[in-house]
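Worksheet: one structure, shown below.
In this note's numbering, the protein residues as written are 28 to 465.
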């Protein structure tokens with residue numbers, strides 16, 4: 028059996044070309060995880076067999092297995108339980124043996140190096156229930172992008188098994204923190220969603236806070252503090268070019284992009300109050316959305332761009348409100364005990380994540396846009412700043428346990444089934460998850 032390429036396209040961001048195989052994605056054999064995971068939950072077991080081929084093949088398989096382990100919905104089997112050594116990834120594995128090993132899917136693959144500058148990765152996914160190959164693709168990329176190829180394999184398998192979009196081939200921008208607690212140095216950084224490939228995005232600022240990814244995955248907005256007043260800065264991740272969109276003294280939170288990337292919404296302070304404004308990035312024209320004596324801040328667009336969720340103390344305590352993206356009346360949607368802050372809309376449009384402060388505990392939760400269905404995912408001290416994965420099934424946030432330490436970034440799923448530390452070399456806060464790169 029051979030991999031039959033149907034088409035090819037160039038991913039300009041990373042100069043990555045991939046060739047889909049003949050077997051197209053179909054409805055998930057195990058059902059829709061998003062619908063079923065709220066009930067009795069059991070992850071789908073996948074055996075990631077060692078990739079055959081040239082130098083670096085073992086690293087591809089290791090990244091894929093690590094992706095699955097952090098996916099919560101897929102469970103990579105321990106290699107010590109494998110019933111056979113797969114030497115030919117094109118040959119159907121011993122289905123009966125893998126069934127006895129409790130594998131529901133078996134992944135086989137190889138890595139080739141057609142020349143010094145490129146790698147080619149191939150994989151096949153076998154359904155143990157039917158014995159059929161249910162997915163198979165080939166990816167050719169520059170050798171420096173081999174790790175991205177592994178994430179793309181993970182995305183393809185995740186989509187085929189769960190029926191949901193993948194999320195592994197994505198990046199997170201965050202604030203890297205180092206130094207003593209009373210004199211912490213904060214700088215902008217970007218990493219793969221699993222904490223690898225960290226790149227520091229220094230621009231000479233003395234302090235950066237609340238970075239936010241644009242929908243294009245190429246641009247980040249953040250608040251920068253230098254010798255002058257704090258300002259909103261746009262950074263192009265490809266070119267490194269920085270551009271100040273204006274100086275707004277007293278801004279409480281960094282701007283967020285509209286879904287089309289053409290506007291930003293932000294909170295500007297005026298004395299004891301703060302109101303919401305949008306700015307057209309092409310004309311630089313600003314439009315005021317709220318006009319109150321309260322503090323309105325932390326705005327987030329709905330994925331269709333029609334509404335904005337934000338936090339406000341207009342009712343006496345911090346709560347979450349939703350209003351039209353054009354401004355006008357706002358409806359309060361949070362009514363649980365405690366204070367609610369940092370709302371962020373899911374890319375799916377079905378949930379809003381938030382931080383809840385209750386009895387000294389800082390928890391991360393989600394609710395529907397009308398305020399119903401509230402559930403807490405994590406609780407304790409000190410959790411803050413949720414951000415959704417591109418497929419809306421996961422949330423990253425940061426936790427500072429206090430003492431002499433500092434914040435770290437964690438990940439959980441929207442059902443609270445599992446939680447993982449996202450490893451970073453230093454302390455890390457304020458994550459913002461970017462869109463899928465391919």
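Don't be surprised by glycine CBs; every beta carbon is placed ideally from N, CA and C.
Please confirm whether any heavy atom of the ligand HEM lies closer than 7 Å to the CB of residue 298. Because no ligand of any kind appears in the structure shown, any question about the ligand HEM cannot be addressed here.
Sort out for me which residues DSSP pairs residue 220 with in a bridge. Partner(s): none; residue 220 has no beta bridge.
Beta-carbon within less than 7 Å of residue 322's beta-carbon, same chain only, minus the 5 sequence neighbours each way: which residues are those? Answer for residue 322: 300, 301, 339, 340, listed in chain order.
Rounded to a whole number of angstroms, what is the C-alpha to C-alpha distance between residue 399 and residue 360? Cα-Cα distance, rounded: 8 Å.
Assign residue 265 to buried or exposed, taking buried as 16 or more other Cβ atoms, counted over all protein chains shown, within 10 Å of its Cβ. With fewer than 16 other Cβ atoms inside 10 Å of its own Cβ, residue 265 counts as exposed.
Give me the Cβ distance between residue 148 and residue 138, rounded to the nearest whole Å; I'm assuming they're in contact under 8 Å. About 5 Å; that satisfies the 8 Å criterion.
Which complete beta strand (DSSP E) runs does the segment 131–185 hold, if anything under 3 residues is left out? Within the segment 131–185, the complete beta strand (DSSP E) runs of at least 3 residues are 132–142, 145–154, 159–169.
Out of 447, 91, 383, which one is the CA nearest neighbour of residue 344? When only C-alpha atoms are compared, the closest one is 383.
Hey, how far is the Cα of residue 310 from the Cα of residue 291? Here the alpha carbon of residue 310 sits roughly 12 Å from the alpha carbon of residue 291.
Using 8 Å for Cβ pairs, my map puts residue 242 next to residue 194. What's the rounded Cβ distance? Not confirmed; about 15 Å, so no contact.
According to DSSP, residue 346 sits in a beta bridge with which residue or residues? In the DSSP secondary-structure assignment, residue 346 is bridged to 339.
Give the DSSP bridge partners of residue 242, in chain order. Answer by DSSP bridge pairing: none, since residue 242 is not bridged.
According to the neighbour-count rule (16 or more other Cβ atoms, all chains shown, within 10 Å of its Cβ), is residue 452 buried or exposed? In the assembly as shown, residue 452 is an exposed residue. Its beta-carbon has fewer than 16 other beta-carbons within 10 Å.
Please confirm whether residue 171 and residue 463 have their CB atoms less than 8 Å apart. For residue 171 and residue 463, no; Cβs fall outside 8 Å.
Once DSSP output is grouped into helix, strand and coil, what is the label at residue 392? In the structure shown, residue 392 sits in a strand (DSSP, three-state: E or B).
Rounded separation between residue 160 and residue 120 - CA only: Distance between the alpha carbons of residue 160 and residue 120 is about 10 Å.
Quick check on DSSP: helix, strand or coil for residue 447? Residue 447 sits in a strand when the DSSP states are folded into three classes.
Look at the Cβ atom of residue 249, then the Cβ atom of residue 303, and state whether they are nearer than 8 Å. No, the pair does not count as a contact, with Cβ atoms beyond the cut-off.
Can you find the residues in the same chain that come closer than 6 Å, C-beta to C-beta, to residue 444, ignoring five residues on each side of it along the sequence? Excluding five sequence positions before and after residue 444, the CB atoms of its chain that fall closer than 6 Å to its own CB belong to 68, 99, given in chain order.
Is the distance from the Cβ of residue 91 to the Cβ of residue 181 below 8 Å? Contact flag set, yes.
Please report the distance separating the alpha-carbon of residue 328 from that of residue 371. Their backbone Cα atoms lie some 8 Å apart in a straight line.
Measure the beta-carbon distance from residue 220 to residue 460 and round it to whole angstroms, keeping in mind my assumption that it falls under 8 Å. Between residue 220 and residue 460 the beta-carbon gap is near 7 Å, inside 8 Å, which marks them as a contact.
Comparing alpha-carbon positions, which option in 167, 136, 407, 235 lies nearest residue 202? From the listed residues 167, 136, 407, 235, the smallest Cα separation to residue 202 is found for 235.
Sort 430, 432, 441, 431 by Cα distance to residue 424 and report the nearest one. Nearest of 430, 432, 441, 431 to residue 424, Cα basis: 441.
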